[in-house]
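Protein chains in written order, with my numbering: chain A, 21 to 131; chain B, -16 to 95. For each residue, glycine too, the CB sits at the ideal point set by N, CA and C. Encoded as structure tokens, the structure appears first; notes follow it.
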């Protein structure tokens, strides 16, 4: 299995609070991604990174920001969480020509 | 804009029979396709891929077929086993982009 760790795995928070999810990899893969999974929508790309300090938006990026200061870490931040951001968040990694390897997921509930 | 569609949200199949999962895409730039399997409370796991230069790829019980003119791919699982009960996602990308779009998934239930 690819070495991908997501933290926290579960979080409950209140509307308006900031939240940061962390993805850590030990594979030295260039690409890192944040997806969210919601019923009826499958997996939707939030943001991705193609190198240290190089990031770009995905299809559902509003309300989210990311940072990648080291190859191994990719942070997803919700500056002010809303109930619509209740979801399961998955981090994934890949080399440029390969398949994605996913983490175990982080379940976020915004009350 | 959903560019990858899995129009069957669920599929029930008997153990030992063939499961056929379908996926359609709209973007003609897509040239690399993946299938993933997902159990509850786990991350998706990679099953099989196909490049647009091929029309078929096999790996054990899993075969993916690609029809570029129809912008359609399918995953065949033969024979289906109880452990195949999971949600299956197809994903597509243009390799130069480095990012994938996923379909909404198909829940497969394999019955004894």
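I need the DSSP call for residue i, collapsed to helix, strand or coil.
i: residue 125 of chain A; result: coil
i: residue 104 of chain A; result: helix
i: residue 67 of chain B; result: helix
i: residue 22 of chain B; result: coil
i: residue 112 of chain A; result: strand
i: residue 87 of chain B; result: coil
i: residue 80 of chain A; result: coil
i: residue 75 of chain A; result: strand
i: residue 61 of chain B; result: coil
i: residue 51 of chain B; result: coil
i: residue 40 of chain A; result: strand
Buried or exposed: where does residue i fall if 16 or more other Cβ atoms within 10 Å of its Cβ makes it buried?
i: residue 133 of chain A; result: Because chain A is modelled from 21 through 131, residue 133 of chain A falls outside the range shown and cannot be assessed.
i: residue 74 of chain B; result: buried
i: residue 35 of chain A; result: exposed
i: residue 12 of chain B; result: exposed
i: residue 64 of chain B; result: exposed
Pick out whichever of the options has its Cα sitting closest to the Cα of residue i.
i: residue 97 of chain B; options: B:28, B:4 and B:-16; result: Limits of chain B in this structure are -16 at one end and 95 at the other, which puts residue 97 of chain B out of reach.
i: residue 17 of chain B; options: B:66, B:-10 and B:86; result: B:86
i: residue 88 of chain B; options: B:80, B:70 and B:95; result: B:70
i: residue 67 of chain B; options: B:80, B:51, B:34 and B:30; result: B:30
So what does residue i bridge to, in DSSP terms?
i: residue 41 of chain B; result: B:46
i: residue 52 of chain A; result: A:69 and A:113
Q. Counting Cβ pairs closer than 8 Å, one from the region 120 to 131 of chain A and one from the region 42 to 52 of chain B, do we hit at least three?
A. no
Q) Is the region 70 to 83 of chain A touching the region -2 to 14 of chain B, taking contact as three or more C-beta pairs under 8 Å? A) no
Q. Should the region 109 to 119 of chain A be called in touch with the region 23 to 33 of chain B, which here means at least 3 C-beta pairs below 8 Å?
A. yes
(Q) Would you call the region 37 to 48 of chain A in contact with the region 87 to 98 of chain A, where contact means no fewer than 3 C-beta pairs closer than 8 Å? (A) yes
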